[in-house]
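Reading through the structure tokens given below for one structure.
In full-length UniProt numbering, the protein residues as written are 1 to 106.
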């Protein structure tokens with residue numbers, strides 16, 4: 001049976017953002033921006049591994065922290081996700097602005 005779509009409350013969103021920040025710090029990745037929405041997360045991070053591996057690790061740790069809150073689910077995140085390289089300063093700045101500011105303009 002498929003679970004209902006996830007809608008994270010404010011406390012859950014804060015836990016997700018903290019988990020992402022903690023994991024980036026642990027891995028010595030540079031966290032440029034994070035914005036956890038009610039049903040998805042945007043992250044801009046500089047890491048020494050493939051973007052899909054970054055996404056896998058961040059999903060894992062965010063899931064672990066959410067489950068520790070007592071709201072266990074079979075799946076918190078969709079299998080999909082977009083991980084891409086930002087190859088220059090313009091792309092990086094654009095991704096940061098989109099993550100931190102453009103979400104509420106949609």
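Every residue gets a Cβ at the ideal spot worked out from N, C-alpha and C, and that includes glycine.
From a predicted model like this one, the values you see are computed outputs, not experimental measurements.
With a CB to CB cut of under 8 Å and the five nearest residues on each side skipped, what residues in its chain are close to residue i?
| i | result |
| --- | --- |
| residue 85 | 51 |
| residue 56 | none |
Which residues in the same chain as residue i place their Cβ atom closer than 6 Å to its Cβ, once the five residues preceding and following it in sequence are excluded?
| i | result |
| --- | --- |
| residue 38 | 7, 8 |
Over the uninterrupted beta strand (DSSP E) stretch that includes residue i, give me the two end residues.
| i | result |
| --- | --- |
| residue 47 | Note, residue 47: premise wrong, no beta strand (DSSP E); not H, not E. |
| residue 34 | 30-36 |
Using a Cβ-Cβ distance under 8 Å, would residue i count as near chain B?
| i | result |
| --- | --- |
| residue 55 | The structure shown contains no chain B; it is built from a single protein chain. |
What does the alpha-carbon distance come out to for the pair residue i and residue j?
| i | j | result |
| --- | --- | --- |
| residue 80 | residue 90 | 26 Å |
| residue 87 | residue 95 | 11 Å |
| residue 11 | residue 19 | 12 Å |
Report all residues from its chain with a CB closer than 7 Å to the CB of residue i; omit the five preceding and five following residues, and keep chain order.
| i | result |
| --- | --- |
| residue 45 | 24, 29, 30, 31, 32, 54 |
Quick test of your reading: residue i and residue j, contact by CB under 8 Å. State the CB separation rounded to the nearest angstrom.
| i | j | result |
| --- | --- | --- |
| residue 35 | residue 92 | Not confirmed; about 15 Å, so no contact. |
| residue 74 | residue 3 | 6 Å |
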